[in-house]
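Enquirer:
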Ligand SMILES: Nc1ncnc2c1ncn2[C@@H]1O[C@H](COP(=O)(O)OP(=O)(O)OP(=O)(O)O)[C@@H](O)[C@H]1O
Ligand SMILES: [Mg+2]
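Residue numbers (UniProt numbering), protein chains in the order written: chain A, 1 to 250; chain B, 1 to 445.
#1: When you compare the CB positions of residue 262/B and residue 49/B, do they come within less than 7 Å of one another, or not?
#2: So which of 171/B, 181/B and 169/B has the shortest CA-CA distance to residue 162/B?
#3: So, is residue 391/B buried or exposed, given that buried needs 16 or more other C-beta atoms within 10 angstroms?
#4: In terms of alpha-carbon separation, which member of 29/B, 61/B and 40/B lies closest to residue 133/B?
#5: Between 14/A, 217/A, 233/A and 80/A, which has its C-alpha nearest residue 196/A's C-alpha?
#6: Return the CA-CA distance between residue 25/A and residue 132/A, expressed in angstroms with no decimal places.
#7: Between residue 196/A and chain B, is there a C-beta pair that is closer than 7 Å?
#8: Rounded to whole angstroms, what's the CA-CA distance from residue 60/A to residue 70/A? Just pull it up for me.
#9: At a cut-off of 6 Å, would you count residue 174/A as near ligand 2, judging by its Cβ distance to the nearest heavy atom?
#10: Please list, in chain order, the chain A residues whose beta carbon lies closer than 9 Å to that of residue 379/B.
#11: Check whether the Cβ of residue 40/A sits closer than 6 Å to any heavy atom of ligand 2, and report yes or no.
#12: When burial is assigned at 16 or more other CB atoms within 10 Å of the CB, is residue 231/A buried or exposed?
#13: Within its chain, find whatever has a CB closer than 6 Å to the CB of residue 211/B; leave out the 5 residues flanking it on each side and keep chain order.
#14: Is the number of C-beta pairs between the segment 291 to 302 of chain B and the segment 382 to 389 of chain B that are closer than 8 Å three or more?
#15: Tell me whether the segment 160 to 175 of chain A and the segment 197 to 204 of chain A touch, counting them as touching only if at least three CB pairs, one residue from each stretch, are closer than 8 Å.
#16: Anything in chain A within Cβ reach of residue 389/B, meaning under 7 Å, just list it in chain order.
#17: How about residue 164/B and residue 208/B: do their beta carbons lie closer than 7 Å?
#18: Output yes if chain B places a C-beta closer than 7 Å to the C-beta of residue 166/A; else output no.
#19: By alpha-carbon positions, which one of 27/B, 174/B, 413/B and 345/B ends up nearest to residue 401/B?
#20: Assign residue 428/B to one of three DSSP states: helix, strand, or coil.
#21: Out of 201/B, 19/B, 94/B and 59/B, state which residue places its alpha-carbon closest to the alpha-carbon of residue 123/B.
#22: Say the cut is 6 Å; is the CB of residue 15/A nearer than that to a heavy atom of ligand 1?
#23: Does ligand 1 have even one heavy atom less than 6 Å from the beta-carbon of residue 377/B?
#24: Residue 348/B: which of 111/B, 319/B, 337/B and 355/B sits nearest, CA to CA?
#25: How many angstroms separate the CA atom of residue 246/B from the CA atom of residue 301/B?
#26: Hey, out of 135/B, 259/B, 9/B and 396/B, whose CA is closest to residue 43/B's CA?
#27: Assess contact between the segment 98 to 109 of chain A and the segment 150 to 168 of chain A, defined as three or more Cβ pairs (one per stretch) separated by less than 8 Å. Is contact present?
#28: Who pairs with residue 280/B in a beta bridge, going by DSSP?
#29: Is it true that the CB of residue 170/B sits closer than 7 Å to the CB of residue 200/B?
#30: Do the CB positions of residue 269/B and residue 243/B come within less than 7 Å of each other?
#31: May I ask you to verify whether the segment 88 to 106 of chain B touches the segment 2 to 12 of chain B, counting CB pairs closer than 8 Å and requiring at least 3?
#32: For residue 91/B, which beta-bridge partners are listed by DSSP?
#33: For chain A, check one thing: does any of its Cβ atoms lie closer than 7 Å to the Cβ of residue 382/B?
#34: May I ask you to list the residues that DSSP assigns as paired with residue 190/B?
#35: At a Cβ threshold of 7 Å, is residue 432/B touching chain A?
#36: Since residue 18/A meets chain B, which of its residues come closer than 9 Å, beta carbon to beta carbon?
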């Protein structure tokens with residue numbers, strides 16, 4: 001589904017990704033771990049299409065198509081959703097507007113009719129209660145004044161409404177209290193099926209107890225230096241990154 | 001012959017059966033205007049606004065108010081309201097609807113009001129805005145013929161909005177009009193007055209209106225000025241408000257159209273407890289020019305003013321905001337807040353913004369701020385990552401910017417009209433009404 005091949009990315013003159021390879025197949029959940037500043041968020045930004053990231057070589061394919069040539073919104077319409085590490089506050093744009101506009105953009109792109117208001121409301125309410133969020137969140141401006149945890153829940157709410165094929169969730173677990181972690185994890189798990197894939201950036205084993213990954217990767221200094229199954233995450237939790245660095249240097 | 005003199009030629013064109021004192025006032029206006037001439041950029045208050053297009057234009061006064069229902073329907077709003085309609089300044093009885101006026105409310109064209117009650121009306125008119133305020137008010141005094149006179153008795157809560165439409169037609173040759181609006185709101189009365197300036201596509205007329213609103217003790221007036229002149233229309237307006245004790249005035253100055261637009265809004269808070277709220281929004285594009293000059297005079301202690309003006313400028317449009325607050329000596333316990341925010345959608349658009357505070361008292365809570373910026377690119381990106389195309393994303397964010405002012409609008413018809421107009425000025429299709437519908441459905445549920 002997602003193939004990242006020998007990706008080199010430069011930000012403001014310095015190389016951040018230095019030959020990154022990663023393949024995510026439908027049905028899989030991957031966890032991407034690694035020290036601060038390794039380039040995890042950079043990878044999500046490049047996949048989402050954010051300005052300011054120069055791809056100097058390598059490619060990114062999504063379902064066989066060259067992602068890097070697509071507009072930001074085209075990538076979303078193709079089925080990619082980025083859950084931000086720091087969700088943006090959008091004063092004045094109601095959550096409900098964003099959800100409706102985004103959902104309709106998808107439907108129009110598929111050649112379908114825009115969703116009728118009652119049907120839309122039903123769908124949103126269901127997901128809202130699944131996320132244990134109050135109805136008032138819909139009338140509030142996107143993320144404005146939301147607590148850290150509320151912002152993260154809101155990202156998952158958008159994901160549940162939009163049902164992406166590939167969800168890239170960047171530190172979705174940071175800032176969540178213990179109960180919220182469960183709710184968010186349930187949200188993510190509800191999306192799992194044989195056709196979808198999830199790529200989660202996280203620093204902690206705890207999220208991975210709720211959402212058991214198929215693969216765990218360690219990203220260090222712009223490259224994936226080690227991959228393994230869920231046990232790798234346990235090992236990292238216990239031993240830190242030092243040994244991985246040594247191993248990869250050897 | 002000077003430009004000013006050329007305009008005053010029109011004075012002699014009308015048969016004069018006016019009372020001599022009215023004619024004398026006209027002459028005074030003419031003399032004042034001729035002495036002042038059109039303002040130039042050397043005049044501080046007109047530094048950024050060049051009125052040569054008006055001064056050098058040739059305009060005649062209209063003689064008829066012909067406008068069929070269909071053309072009118074394309075301009076007016078379907079408000080459930082008491083309606084007075086003027087076409088290029090001439091009263092149209094056919095398009096007006098003054099049936100079922102509640103007791104204690106009188107709404108008349110100026111000529112009628114003067115015929116029946118010229119002393120009371122003539123005495124009130126010009127009290128707040130005479131010949132000295134600006135060359136344009138002087139010109140208005142010289143040439144004004146028609147207008148709207150609204151009188152609301154004490155304690156009367158007017159059942160519907162009072163909707164005054166000034167339609168500007170696409171004429172073969174350019175017309176000018178110098179209307180007056182007079183609103184006398186009795187003690188503890190409550191009313192909503194809408195002045196709607198609407199131009200047909202291709203209209204290229206000059207409107208020079210002067211409005212006076214007088215609020216007696218405890219009166220509440222919501223005043224809307226919705227300006228949707230054509231992209232060739234020239235529009236100068238001056239609105240003067242006088243407030244008695246515990247009265248509350250709320251202004252919505254919404255400018256969407258016009259080639260050259262200048263509005264002055266002046267409020268005198270003359271007694272304790274008086275409160276004035278200025279809400280402004282303008283959206284200009286192409287080479288439109290909109291200038292708003294606002295002034296609040298805190299002439300009495302314990303008075304309150306709050307101002308929020310927002311401007312959206314696209315293409316090579318130009319905006320001016322000058323907001324002045326004056327707190328007189330011994331006017332203690334004043335609160336005066338002012339904010340002006342502008343959004344530039346193009347790097348060739350320009351805004352000049354200047355808050356001015358003159359405070360001669362010490363117990364004053366006062367704040368002001370002015371910001372000018374572009375759309376938040378991180379927000380544009382965030383929306384696009386959800387599949388919303390760039391135009392739509394920018395549209396949503398632009399509407400969001402206007403929203404803070406629009407949320408204050410209490411007349412749903414106007415809020416919707418302005419939102420649609422703002423959305424309609426955005427580069428691409430934008431299905432706003434649908435979103436609003438969803439949001440409303442949600443609120444009801
Ligand atoms: N706009 C930028 N200008 C300069 N350097 C940048 C920019 N964006 C990212 N970087 C640098 O790129 C490196 C990788 O950043 P990135 O955000 O991808 O790290 P990360 O792996 O997500 O880290 P964390 O775990 O702390 O979130 C960092 O050293 C960061 O400072
Ligand atoms: Mg990061």
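Cβ coordinates follow ideal geometry from the N, Cα and C atoms, glycine included.
If you're wondering where the values come from, they're calculated on a predicted model, not measured in any experiment.
Expert: According to the structure data:
#1: Sequence index remark: in the second chain, residue 262/B carries index 262 (1-based). Sequence index remark: in the second chain, residue 49/B carries index 49 (1-based). Residue 262/B places its beta carbon less than 7 Å from that of residue 49/B.
#2: The residue given as residue 162/B occupies position 162 in the second chain. Taking only the C-alpha atoms, the option nearest residue 162/B is 181/B.
#3: As a working mapping, residue 391/B is identified with position 391 in the second chain. So residue 391/B ends up on the exposed side.
#4: Locating residue 133/B in the second chain gives position 133, counting from the first residue. Considering only alpha carbons, the answer is 29/B.
#5: For the purposes of this step, residue 196/A is taken as the residue at position 196 of the first chain. Checking every option, the nearest Cα to that of residue 196/A belongs to 80/A.
#6: Position 25 of the first chain, counted from the first residue, corresponds to residue 25/A. Position 132 of the first chain, counted from the first residue, corresponds to residue 132/A. In a straight line, the C-alpha of residue 25/A is about 30 Å away from that of residue 132/A.
#7: For the purposes of this step, residue 196/A is taken as residue 196 along the first chain, with counting starting at 1. No, its Cβ sits nowhere closer than 7 Å to a Cβ of chain B.
#8: The residue given as residue 60/A occupies position 60 in the first chain. The residue given as residue 70/A occupies position 70 in the first chain. Roughly 11 Å between the two C-alpha positions.
#9: As a first step, residue 174/A must be located in the first chain, where it is residue number 174. Not under cutoff, so the answer is no.
#10: Along the second chain, read from residue 1 onward, the residue named residue 379/B stands at position 379. Within 9 Å Cβ-Cβ: 88, 89, 90, 91, 93 and 142.
#11: Counting from 1 along the first chain, the entry for residue 40/A is found at position 40. Yes, since a heavy atom of ligand 2 falls inside the 6 Å radius drawn around the Cβ of residue 40/A.
#12: Along the first chain, read from residue 1 onward, the residue named residue 231/A stands at position 231. Classification for residue 231/A: exposed.
#13: Taking the first residue of the second chain as position 1, residue 211/B is located at position 211. Excluding positions up to five away in sequence, the list reads 181 and 239.
#14: Contact fails: fewer than three Cβ-Cβ distances are below 8 Å.
#15: Result yes; three or more Cβ-Cβ pairs closer than 8 Å.
#16: Mapped onto the second chain, residue 389/B falls at position 389. Counting only Cβ-Cβ distances below 7 Å, residue 389/B has contacts in chain A at 73 and 105, in chain order.
#17: Within the second chain, numbered from 1, the residue matching residue 164/B stands at position 164. Within the second chain, numbered from 1, the residue matching residue 208/B stands at position 208. Result no, Cβ atoms of residue 164/B and residue 208/B do not sit closer than 7 Å.
#18: Working through the first chain from its first residue, we reach residue 166/A at position 166. Not an interface residue.
#19: Taking the first residue of the second chain as 1, we reach residue 401/B at position 401. Taking only the C-alpha atoms, the option nearest residue 401/B is 345/B.
#20: Indexing the second chain from 1 puts residue 428/B at position 428. Bear in mind that a pLDDT of 45 at residue 428/B, under 50, signals an unreliable position, so the number given afterwards is only what the model happens to contain. Coil.
#21: Counting from one through the second chain, the residue named residue 123/B turns up at place 123. It is 19/B whose Cα lies nearest to the Cα of residue 123/B.
#22: Along the first chain, one-based indexing puts residue 15/A at 15. In this structure, residue 15/A has its CB at a distance of at least 6 Å from all heavy atoms of ligand 1.
#23: As a working mapping, residue 377/B is identified with position 377 in the second chain. Ligand 1 has no heavy atom closer than 6 Å to the beta-carbon of residue 377/B.
#24: Reading the second chain from its first residue, position 348 is the one you call residue 348/B. Nearest option by C-alpha distance: 319/B.
#25: Reading the second chain from its first residue, position 246 is the one you call residue 246/B. Reading the second chain from its first residue, position 301 is the one you call residue 301/B. So the alpha carbons of these two residues sit roughly 12 Å apart.
#26: The residue you call residue 43/B lines up with position 43 of the second chain. Relative to the Cα of residue 43/B, the nearest Cα in the group 135/B, 259/B, 9/B and 396/B belongs to 135/B.
#27: With the cut-off at 8 Å, the segment 98 to 109 of chain A and the segment 150 to 168 of chain A touch.
#28: In the second chain, counting from the first residue as 1, residue 280/B sits at position 280. According to DSSP, which records beta bridges pairwise, residue 280/B is partnered with 253/B and 309/B.
#29: What you label residue 200/B is simply residue 200 of the second chain in a count that begins at 1. What you label residue 170/B is simply residue 170 of the second chain in a count that begins at 1. Taking 7 Å as the Cβ cut-off, residue 200/B and residue 170/B qualify as a contacting pair.
#30: Within the second chain, numbered from 1, the residue matching residue 269/B stands at position 269. Within the second chain, numbered from 1, the residue matching residue 243/B stands at position 243. Yes, Cβ-Cβ distance for residue 269/B and residue 243/B is below 7 Å.
#31: Flag = no, the segment 88 to 106 of chain B and the segment 2 to 12 of chain B do not touch.
#32: Numbered from its first residue, the second chain carries residue 91/B at position 91. Under DSSP, residue 91/B forms a beta bridge with 86/B.
#33: Taking the second chain and counting its residues from 1, the one referred to as residue 382/B is at position 382. Cβ-Cβ to chain A under 7 Å: yes for residue 382/B.
#34: Translated into positions along the second chain, residue 190/B becomes position 190. Answer is 157/B and 220/B.
#35: If you number the second chain from 1, residue 432/B lands on position 432. With a pLDDT of 49 at residue 432/B, under the threshold of 50, the modelled position of that residue is not reliable, and the figure given next carries that caveat. Chain A, which has no Cβ nearer than 7 Å to the Cβ of residue 432/B, makes this no.
#36: As a position in the first chain, residue 18/A is number 18, starting the count at 1. None at all; the shortest Cβ gap to chain B is about 25 Å.
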